[in-house]
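Take a look at the structure set out below.
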Amino acid sequence: MKNCSVINLLQKCFCILLIGWGAACTANAATARSAKACVWHGLTIGRGGVLEKDGRPYCGIGVNFVGALRRLLVNRDDPSVRRDFNELEASHIPFVRFPALAAWGTPARCRAYLQRVYQSNPRRYFQAMDTLCAIANKCHVGLIPSLFFTPFWPNDLAHESGLAVWNDSQSRTYRIWTQYVTRMIKRYEHNPAIWGWEFGNELNLRMDLPGVKPRFSGSKRPPDYTHAEMWKLYARFVHLVRQYDPYHIVEAGNSRPRDSSWHNMMDHTWKKDTPSQWAYMLQRDNAAFDMICVHEYRAEAPASILRVGAMAVRWHKPVFVGEFGVPGPAVTSRQLFSALLSSILKARVPLAAVWAFDERHQTVGDHDYSITPSNNRSFMLKAIERANMQLRHDSHSSRWSPGAVLVPGSPN
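Heads up, the sequence shown is in the numbering used here, so the first residue is 17 and it goes up one at a time.
The following block contains the structure:
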């Protein structure tokens with residue numbers, strides 16, 4: 017009887033082990049299936065702060081395409097969008113930065129537009145976004161949507177002013193912007209067309225402006241348009257994105273800081289910042305994000321790009337020159353444009369986007385930034401195509417290591 021009891025006990029133990037092993041195998045298989053299903057595409061940050069795509073260091077120059085989604089919101093079958101993406105593919109342009117939702121004009125006009133294309137019919141909005149992703153995927157062009165390109169559209173819809181309401185979980189503005197971000201990320205996080213996420217466009221240029229009272233959302237600039245409030249919002253935005261998307265790059269869309277940015281914030285003057293003060297603002301404006309983002313246009317832009325690239329190496333963050341460009345025809349713009357491209361290559365800037373592709377609202381004289389394959393600025397597309405070939409060749413190293421680097425210490 018004892019032998020039978022021992023045998024029965026051993027059999028039970030064996031059965032328990034077998035069941036446990038089977039459960040473990042099932043769990044492992046489910047995990048494997050889940051991991052296989054959650055394939056990530058686009059850009060991410062690898063070890064040492066290197067920009068990567070598909071597990072390898074990445075460098076590329078794309079375009080800003082303001083009308084990419086805007087035209088589809090007006091007419092979902094607009095053939096010009098497909099035509100333009102075909103032309104981008106033919107020019108080997110790797111990605112597009114574009115406004116995901118933007119409105120210009122008076123607050124009342126902005127509200128009317130936003131209510132028509134998004135608030136009253138979000139299904140229509142996301143159908144247009146679905147169409148854009150499908151076109152981009154077909155043409156092998158990545159997308160970096162700037163979610164708040166005109167940053168105060170949630171204020172317009174909420175009939176609230178100020179930046180503090182963005183950080184107030186009880187405000188209508190907060191509910192609008194967090195709901196929008198959540199919808200966008202959850203819907204498109206695994207879409208191969210998406211390469212990364214941008215907060216908005218040049219919000220840092222609107223903060224702490226002494227003696228300047230521009231109009232925001234129908235009211236004079238409230239006192240809460242400060243860098244401190246903006247930095248808080250940036251951290252909140254990144255935290256929300258990371259709840260759903262741990263992979264893609266998240267960047268600010270900032271311009272380079274104003275030359276008086278630190279003094280604007282600290283003593284409300286327009287005194288020019290010291291190099292270390294300016295560097296502090298550059299680093300702090302982008303602290304919540306994966307990349308150091310700047311926009312560069314001036315004659316001094318080539319030197320500025322080299323300077324920013326040197327700082328970013330010390331901060332272990334890649335640089336995104338989210339906008340760069342020169343207006344006017346080839347006879348007046350070719351030299352500076354060539355210098356801009358050369359500085360991007362020399363600084364090993366891994367990501368940059370020229371302003372702007374087929375921009376129908378900027379086509380006059382000194383304000384002509386529009387670039388198409390057939391206009392008098394088409395040489396820029398050809399130059400970018402050559403630069404992309406060189407960047408792909410050099411993409412084993414996506415950062416530049418200069419001999420001397422400006423280290424931003426405590427502002428002085």
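Where a beta carbon is used, it is the ideal one built from N, C-alpha and C, also for glycine.
Taking Cβ to Cβ, would you say residue i is nearer than 8 Å to residue j?
| i | j | result |
| --- | --- | --- |
| G216 | L179 | no |
| F373 | F142 | no |
| P208 | V157 | no |
| I321 | H264 | no |
| E218 | N280 | no |
| R140 | V133 | yes |
| N102 | C155 | yes |
| Q71 | H332 | A quick correction: the sequence has Gly, not Gln, at residue 71. No. |
| R393 | A346 | yes |
| F395 | R330 | no |
| I61 | E68 | yes |
| C309 | F353 | no |
| L357 | A403 | yes |
| A355 | F305 | no |
| E176 | S187 | yes |
For residue i, count neighbouring Cβ atoms within 10 angstroms of its own Cβ and tell me buried if that reaches 16, exposed if not.
| i | result |
| --- | --- |
| R408 | exposed |
| D410 | exposed |
| P366 | buried |
| T47 | Reliability fails at T47, whose pLDDT of 35 lies under 50, so the model's placement of it is uncertain and no value is given. |
| P115 | buried |
| D100 | buried |
| S390 | exposed |
| K398 | exposed |
| G341 | buried |
| N19 | Residue confidence is low: N19 scores 48 on pLDDT, short of 50, so the model does not pin down where it sits. Its coordinate-derived value is still stated next. By the neighbour-count rule (16 or more Cβ atoms within 10 Å), N19 is not buried but exposed. |
| W120 | exposed |
| A317 | buried |
| V7 | No answer is possible for residue 7: it lies beyond the span of the chain, which begins at 17 and ends at 428. |
| Y260 | exposed |
| A244 | exposed |
| S359 | buried |
| D93 | exposed |
| V55 | exposed |
| N220 | buried |
| M200 | buried |
| H311 | buried |
| R258 | exposed |
| S226 | Here residue 226 is Pro; the residue named in the question, Ser, does not match the sequence. Per the 10 Å Cβ criterion, exposed. |
| M246 | buried |
| M405 | exposed |
With a cut-off of 8 Å on the beta carbons, I'd call residue i and residue j a contact; round off their distance for me.
| i | j | result |
| --- | --- | --- |
| V266 | G212 | 7 Å |
| W193 | P170 | 4 Å |
| E375 | Y385 | 6 Å |
| A118 | T166 | 4 Å |
| S277 | M307 | Not a contact, Cβ separation roughly 19 Å. |
| T97 | R87 | Per the sequence shown, residue 97 should be read as Val rather than Thr. Contact holds; Cβ gap of about 5 Å. |
| L249 | W182 | 5 Å |
| H196 | M223 | Rather than His, the amino acid found at residue 196 in this sequence is Tyr. Contact flag wrong, Cβ pair sits at about 22 Å. |
| R127 | L173 | 6 Å |
| L59 | V112 | About 13 Å separates the two Cβ atoms, so there is no contact after all. |
| M145 | L85 | 7 Å |
| H377 | P343 | Not quite, the Cβ-Cβ distance comes to about 13 Å (not below 8 Å), so this is no contact. |
For the alpha helix (DSSP H) holding residue i, just list the boundary residues, first then last.
| i | result |
| --- | --- |
| I360 | A346 to K362 |
| K154 | P138 to C155 |
| V329 | A317 to W331 |
| R113 | Run containing R113: none in the alpha helix (DSSP H); it sits in the beta strand (DSSP E), F111 to P115. |
| E105 | P95 to A106 |
| L397 | F395 to H409 |
| S277 | S277 to M282 |
| I192 | R188 to Y204 |
| L298 | P291 to D301 |
| W286 | Premise fails: W286 is in no alpha helix (DSSP H) and is neither H nor E. |
Return the first residue and the last residue of the beta strand (DSSP E) that residue i is part of.
| i | result |
| --- | --- |
| G90 | Going by the sequence as given, residue 90 is Val instead of Gly. Counting along the chain, V90 falls outside any beta strand (DSSP E), though it belongs to the alpha helix (DSSP H) covering G83 to V90. |
| E312 | I308 to E312 |
| N80 | G76 to N80 |
| A369 | L367 to V370 |
| T60 | L59 to I61 |
| S162 | G158 to F164 |
| E339 | V335 to F340 |
| V254 | That residue, V254, is in no beta strand (DSSP E); its alpha helix (DSSP H) goes H243 to Y260. |
Is there a Cβ of chain D sitting closer than 8 Å to that of residue i, yes or no?
| i | result |
| --- | --- |
| H264 | Looking at the structure shown, chain D is missing, and only one protein chain is on hand. |
Are the region 298–306 and the region 365–372 touching by the rule of at least three beta carbon pairs closer than 8 Å?
no
Okay, do the region 249–263 and the region 278–288 touch, 3+ Cβ pairs below 8 Å being the bar?
no
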